[in-house]
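Chemist: Supplied in structure tokens, the structure appears directly below.
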Amino acid sequence: MSGATTLSLRKASKVYAGATIIQSIDLDVQEGEFISLLGPSGCGKTTTLNIIAGFVRPDEGEVLIGGQCVNDVPPYQRNLGMVFQGHALFPHLTCFDNVAFGLRMRNLDEATIRARVAQALDLVRLNGFDERFPRQLSGGQQQRVGLARALVIEPRVLLLDEPLSNLDAKLRRAMQSELRAIHTKTGTTMIYVTHDQEEALTLSDRVAVMNAGPIEQLDTPEGIYRHPRTRFVADFIGSPALLRGGGGEERAHSILVRNGEAGGGGAPPAHQNAAGCPGPPGIRSGSIRIDTGATASSPELSLQWRIVDRAFAGSVSHITIELTDRQTIVVHLSNPPDDAIPGAAVHLGGAVANWMVLP
Amino acid sequence: MNGRSPLTLVLPATLWLAVAWGWPLVLVLSMSFRNMDPMTFELSGFTLKHFREVLTDSFYLDAIFRSLRIATIVTILSCVLGYPAALHIARTTSQRARAAYTLILLIPVMISLVVTAFAWILILGPSGFINRALASLHLTSEPLQFLNSEAGIIAVLVYSFGPYMIINICTALEKIDPAILRAAELHGANPRRVFARVTLPLSFPGILSGGLIVFSLSAAAFVTPYVIGGNRVKVVPLQIYNAAVTTFDWPMAATLSIVLLILSILLTTAVARLTERRFAAWLGGS
Numbered sequence: 137m138s139g140a141t142t143l144s145l146r147k148a149s150k151v152y153a154g155a156t157i158i159q160s161i162d163l164d165v166q167e168g169e170f171i172s173l174l175g176p177s178g179c180g181k182t183t184t185l186n187i188i189a190g191f192v193r194p195d196e197g198e199v200l201i202g203g204q205c206v207n208d209v210p211p212y213q214r215n216l217g218m219v220f221q222g223h224a225l226f227p228h229l230t231c232f233d234n235v236a237f238g239l240r241m242r243n244l245d246e247a248t249i250r251a252r253v254a255q256a257l258d259l260v261r262l263n264g265f266d267e268r269f270p271r272q273l274s275g276g277q278q279q280r281v282g283l284a285r286a287l288v289i290e291p292r293v294l295l296l297d298e299p300l301s302n303l304d305a306k307l308r309r310a311m312q313s314e315l316r317a318i319h320t321k322t323g324t325t326m327i328y329v330t331h332d333q334e335e336a337l338t339l340s341d342r343v344a345v346m347n348a349g350p351i352e353q354l355d356t357p358e359g360i361y362r363h364p365r366t367r368f369v370a371d372f373i374g375s376p377a378l379l380r381g382g383g384g385e386e387r388a389h390s391i392l393v394r395n396g397e398a399g400g401g402g403a404p405p406a407h408q409n410a411a412g413c414p415g416p417p418g419i420r421s422g423s424i425r426i427d428t429g430a431t432a433s434s435p436e437l438s439l440q441w442r443i444v445d446r447a448f449a450g451s452v453s454h455i456t457i458e459l460t461d462r463q464t465i466v467v468h469l470s471n472p473p474d475d476a477i478p479g480a481a482v483h484l485g486g487a488v489a490n491w492m493v494l495p
Numbered sequence: 003m004n005g006r007s008p009l010t011l012v013l014p015a016t017l018w019l020a021v022a023w024g025w026p027l028v029l030v031l032s033m034s035f036r037n038m039d040p041m042t043f044e045l046s047g048f049t050l051k052h053f054r055e056v057l058t059d060s061f062y063l064d065a066i067f068r069s070l071r072i073a074t075i076v077t078i079l080s081c082v083l084g085y086p087a088a089l090h091i092a093r094t095t096s097q098r099a100r101a102a103y104t105l106i107l108l109i110p111v112m113i114s115l116v117v118t119a120f121a122w123i124l125i126l127g128p129s130g131f132i133n134r135a136l137a138s139l140h141l142t143s144e145p146l147q148f149l150n151s152e153a154g155i156i157a158v159l160v161y162s163f164g165p166y167m168i169i170n171i172c173t174a175l176e177k178i179d180p181a182i183l184r185a186a187e188l189h190g191a192n193p194r195r196v197f198a199r200v201t202l203p204l205s206f207p208g209i210l211s212g213g214l215i216v217f218s219l220s221a222a223a224f225v226t227p228y229v230i231g232g233n234r235v236k237v238v239p240l241q242i243y244n245a246a247v248t249t250f251d252w253p254m255a256a257t258l259s260i261v262l263l264i265l266s267i268l269l270t271t272a273v274a275r276l277t278e279r280r281f282a283a284w285l286g287g288s
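For the record, the sequence lines run as chains Y and L. Using this note's numbering, the letters of the first sequence correspond one by one to residues 137 to 495. Using this note's numbering, the letters of the second sequence correspond one by one to residues 3 to 288.
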């Protein structure tokens, strides 16, 4: 990403009733960037968004928009747009008047308002719905009105607070690609709050992983996924299973990983963890291959364990594999070998490039 | 559904209303069309003369207009004075403060109207609290006449029925999703415009239902005009009482009751219809 910094947070912190919600958040959002704030509920991502919007005042630190501190600027003068989780449309206004709201507040003339509202409704493919009231629209349509209402004012930054979480899975995917297209078309800077890692990875230029403190890691989706800098990021992204080589003898499979170095014909890449030390190797379940043959194919690191369960789930099968210490991991494979059935011994492995060093 | 029809569920209430409310109403209605012998109290014949008298004689017409005027003023004042209070209560987050507010609101509703009215005599009387305060501040040389006046009746009615307005507005305000207010604010509305464009219109159903209650109660109020107005400010309920108890003209009392009831229903439904039309799309229906 190149271009000017549109929005920055400098050491922003917030404490509610003695509990630290966010701590010393530093963030620079570039012009035209799509950035996600990702984390579990309670990680402070919504508070961060509310601080940017001006609904919440940070206890410490400052918010800069276009290089200017806006801590003392009320929300209605920040020139931001926002799409809300529950749509938050004005129920007493028509679709047209909902979208026109921000323009009317800016005292534009009626002809300009009509033209820009039509353009915005066109952008979200809702032309012809002008006279409908929100309750006469479906959930997806309501959210598109919300998007048009926020975009029509050409905000400095568009804030999106889990806008798709109330939609069903199919509609959510459709809206994701639509959102991506709108971002490309308008070039609006967007900050997207979500707890859905797939959504964050799919949509964003960069992802900020949060966990009730400073930002854990701010990186491209690839970087977050492949090179987690903290244990939290490693665990939170790419769940449900992360095959982890332990650091010591207490975990039998960790020894095998090390043994695998000899047998598998390759070593885990020598990344360094946050502390600067090479940590234990790990691999995401999505990158794991299983092989019921006698040997793992080179050049892979592999482990040999036993399948305890196999469940068909449509596009993938869930293969549950037991490790020595009665821990199990679940591997999702789109096309598992036919003999990968409960009781079968398997090698677990993955291309050397997919192994990572865990912090 | 447990298989019981909704009709059977409303049956007890329906029966009760039919016996305790419907039947007396039918009796009153039928009596308004009868002649009554003032000596024997016997009812006979069919006549429209009571209605003709009520709708032409200024003695009755004045009472009707006075009643409607008082009810209208009380409704408007309750709304204007009650709205800020409702707004404050709806924004209060402390549970303890809310409980206190609810108690304060319920006091006028719980205490008998007679007690309330006599208490207000002490406040509004020539040597009452208000007049003494005004005199000691040298704002008035003579005590103001609150008792036996419409102003006094209106003041006490606002006190007695205002809580219904506040509670209804408060309920409507609490139903507003805070995210909607945030959306308005972020998209450029300053606090004043958030209120005018979003909060006020969205609380309108509360104003409407509160207004209907306050208006009907005020138009039908008897105790307050009787005690505060000293039977000198002639409102329709007082005329009904006087006709029934003083002159024993029951058909006239019945006619006045019916006219007041019809006017009250007509006015409230007309206002409700007119204003609801604008909000029909989001208030109800599909």
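We put the beta carbon where it would ideally sit given N, CA and C, even for glycine. Remember, predicted model here, so these are calculated numbers, not experimental data.
#1: Helix or strand or just coil, what does DSSP make of Y/LEU200?
#2: Who are the near neighbours of L/VAL235 in its chain, counting only those whose CB is closer than 8 Å to its CB and skipping five residues on each side?
#3: Decide if L/ILE109 is buried, meaning its Cβ has at least 16 other Cβ atoms within 10 Å, or exposed.
#4: Can you tell which of Y/ASP245, Y/ALA251, Y/GLN213 and Y/ARG271 has its C-alpha closest to the C-alpha of Y/HIS228?
#5: Can you confirm whether L/THR277, when its beta carbon is compared against all beta carbons of chain Y, has any partner nearer than 7 Å?
#6: So, helix, strand or coil for Y/GLU436, using DSSP?
#7: How is Y/CYS205 classed by DSSP in three states: helix, strand or coil?
#8: Could you compute how far the alpha carbon of Y/PHE170 sits from the alpha carbon of L/LEU9?
#9: Counting Cβ pairs closer than 8 Å, one from the stretch 40 to 56 of chain L and one from the stretch 199 to 210 of chain L, do we hit at least three?
#10: If the cut-off is 7 Å on Cβ atoms, which residues from the stretch 234 to 254 of chain Y count as contacting chain L, listed in chain order?
#11: Put L/MET38 into one of helix, strand or coil per three-state DSSP.
#12: If you count every other CB in all the chains shown that lies within 10 Å of the CB of L/SER80, and 16 or more means buried, which is it?
#13: Residues of chain L with a CB under 9 Å from the CB of Y/TYR212: which are they?
#14: Determine the chain Y residues that contact L/ILE182 at a beta-carbon separation under 7 Å, and present them in chain order.
#15: Residues of chain A with CB closer than 9 Å to the CB of L/LEU204, please, in chain order.
#16: In whole angstroms, what is the alpha-carbon distance linking Y/LEU225 and Y/GLN277?
#17: Excluding sequence positions up to five away, which residues of its chain have a Cβ less than 6 Å from the Cβ of L/TRP18?
#18: Could you give the distance in angstroms between the alpha-carbon of Y/ARG240 and the alpha-carbon of Y/THR248?
#19: Using only CA atoms, which one of L/ARG184, L/ALA274, L/ALA246 and L/PHE120 lies nearest to Y/LEU185?
#20: At a CB-CB cut-off below 7 Å, which residues of chain Y make contact with L/VAL200?
#21: Relative to the C-alpha of Y/VAL293, which candidate in Y/ASP164, Y/ARG250 and Y/GLY178 has its C-alpha closest?
#22: With C-beta atoms as the reference, is Y/VAL288 less than 7 Å away from Y/ARG252?
#23: Grouping DSSP H, G and I as helix and E and B as strand, with all else coil, what is Y/LYS147?
#24: Starting from Y/PHE170 and walking both ways along the alpha helix (DSSP H), at which residues does that stretch end?
#25: Listed from N- to C-terminal order along the chain, which residues in the stretch 250 to 267 of chain L have their beta-carbon within a distance smaller than 8 Å of any beta-carbon of chain Y?
#26: How long is the line joining the alpha carbons of Y/HIS454 and Y/ALA481, rounded to whole angstroms?
#27: How would you write the range of the alpha helix (DSSP H) that Y/TYR361 sits in, first residue to last?
#28: In chain Y, which residues lie with their C-beta within 8 Å of the C-beta of L/ASP179?
#29: Verify the CB distance criterion: does Y/PHE368 have a CB-CB separation below 7 Å to chain L?
#30: Could you tell me whether the stretch 205 to 218 of chain Y touches the stretch 186 to 194 of chain Y, using the rule of 3 or more Cβ pairs below 8 Å?
#31: What residues in its chain sit with their C-beta under 6 Å from that of L/ALA130, if we drop five residues either side in the sequence?
#32: Below 8 Å between beta carbons is the criterion; list the residues of the stretch 184 to 211 of chain Y that meet it against any residue of chain L, in chain order.
#33: Helix or strand or just coil, what does DSSP make of L/ILE123?
#34: Does any C-beta atom of chain L lie closer than 7 Å to the C-beta of Y/ALA153?
#35: Within the same chain, show all residues whose beta-carbon is closer than 6 Å to that of Y/GLY323, passing over the 5 residues directly before and after it, in chain order.
#36: Using a cut-off of 7 Å between C-beta atoms, extract the partners of Y/MET326 located in chain L.
Modeler: With the given structure in hand:
#1: strand
#2: ARG68, ASN150, SER151, GLU152, ILE155 and PRO227
#3: exposed
#4: Y/ARG271
#5: no
#6: Caution applies to Y/GLU436, whose pLDDT of 48 falls short of 50 and renders its modelled position unreliable; the value that the coordinates give is listed next. Reduced to three states, the DSSP call for Y/GLU436 is strand.
#7: strand
#8: 57 Å
#9: no
#10: PHE237, GLY238, MET241 and ARG242
#11: strand
#12: buried
#13: ALA186, GLU187, LEU188, HIS189, GLY190, ALA191, ASN192, PRO193, ARG195 and VAL196
#14: ALA224 and PHE226
#15: The structure shown contains no chain A; its protein chains are Y and L.
#16: 11 Å
#17: none
#18: 10 Å
#19: L/ARG184
#20: PHE226
#21: Y/ASP164
#22: yes
#23: strand
#24: Looking at the DSSP string, Y/PHE170 is not in any alpha helix (DSSP H); the run it does join, the beta strand (DSSP E), is 170 to 174.
#25: none
#26: 16 Å
#27: 357 to 362
#28: GLY222 and ALA224
#29: no
#30: yes
#31: The residue asked about is misnamed: residue 130 of chain L is Gly in this sequence, not Ala. Result list for L/GLY130: LEU124, in chain order.
#32: ALA189, GLY190, PHE191, PRO210 and PRO211
#33: helix
#34: no
#35: GLY168
#36: None at all; the shortest Cβ gap to chain L is about 15 Å.
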